[in-house]
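Numbered by this note's numbering, the letters in the sequence shown go through residues 187 to 343 in order.
Backbone N, C-alpha and C fix where the C-beta goes; we use that ideal spot for every residue, glycine too.
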Amino acid sequence: ALRVIALRPELSLAVGGGWCRLLDRSLDPLGSRISTGLNMVWSAASDGENLAINEIGGPLRILDSDGQERARIAEHFSHILHDPVTNTWVAVHEPSDGKNSLFRFSNDGELLERRPWDLRVGSTATMRGGRTLILITDEGGQVVNSADWSVQGLEAT
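If you want it as structure tokens, here you go:
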């Protein structure tokens, strides 16, 4: 089954069985297909030059504009985004013990920062072009600034 992931206003990602391909604003293909292996792509993000794809069950891979792998992180993540303020990748780590963490990576996959998250994250969303990460937990919604990881709670109205 084909699915499309919105990456940026001018860029999307088509995901098929074992492959993905960048699409322009009109959903026309850009470049050639990129092999993703056997697992389905769960989430993806782009900084306009590089592409981060997270496959179900891992790994997280950072690819250059030609689809060449720059980094592979053999962990499971439920969400990935590119923070334009710090020019880094922010990912929600989802280990088997259920204790989520936020990770920050360079384009080369170097772990720059890790922040434990005591609440189990059930759902995520990216807003403001990667500047904001929304985490939905059993305790409610959390709005995380991607640059400094400051947190605000969402209140029901």
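Close beta carbons around residue i, own chain, < 6 Å, minus the five adjacent residues each side
i, result
"Ile239", "Val227, Ala230, Arg247"
"Ile322", "Gly308, Ser309"
"Asn331", "none"
"Val276", "Leu267, Asp269, Arg290, Ser332"
"Arg211", "Glu196"
Selected residue, minimal CA-CA separation from residue i, among the options
i, options, result
"Thr272", "Glu261, Trp335, Glu255, Thr323", "Trp335"
"Leu193", "Gly315, Gln328, Asp324, Val329", "Gly315"
"Gln254", "Ser212, Val278, Asp210, Asp294", "Asp294"
"Pro302", "Gly223, Val278, Arg189", "Val278"
"Asn225", "Arg317, Cys206, Leu216, Thr318", "Cys206"
"Met313", "Val329, Leu199, Leu208, Leu213", "Val329"
"Gly243", "Gly284, Ser282, His262", "His262"
"Asp233", "Asp214, Gly217, Pro195", "Pro195"
"Asp324", "Arg300, Asn286, Pro215", "Asn286"
Simplified DSSP assignment, three categories, for residue i
i, result
"Arg314", "helix"
"Arg306", "coil"
"Trp335", "coil"
"Pro215", "strand"
"Ser198", "strand"
"Gly326", "strand"
"Leu321", "strand"
"Leu340", "coil"
"Leu348", "The structure shown does not extend to residue 348, since the chain is modelled only from 187 through 343, so no value can be given for it."
"Glu261", "coil"
"Leu188", "coil"
Same chain, Cβ closer than 7 Å to residue i, neighbours up to 5 away in sequence not counted
i, result
"Thr274", "Arg290, Phe291, Ser292, Leu298"
"Arg326", "According to the sequence shown, residue 326 is Gly rather than Arg. Closer than 7 Å at the Cβ level, and outside the excluded window around Gly326, lie Gly339, Leu340."
"Gly223", "Gly204, Glu241"
"Ala200", "Leu188, Val190, Cys206, Arg207, Leu209"
"Ala260", "Gly244, Pro245"
Cutoff 8 Å: residue i Cβ touching any chain B Cβ
i, result
"Ile322", "Among the chains of the structure shown, chain B does not appear; only one protein chain is present."
Beta-carbon contacts of residue i that lie in its chain and below 8 Å, excluding the five residues immediately before and after
i, result
"Leu249", "Ile220, Asn236, Leu237, Ala238, Ile239, Glu255, Arg256"
"Thr318", "Thr312, Val329, Val330, Asn331, Ser332"
"Ser218", "Arg207, Gly253"
*Could you pull out every unbroken beta strand (DSSP E) segment of at least 3 residues lying fully inside the region 263 to 296, listed in chain order?*
263 to 269, 274 to 279, 287 to 291
_Complete beta strand (DSSP E) runs within the region 216 to 250 (minimum length 3 residues, chain order)_ = 227 to 232, 237 to 241, 246 to 249
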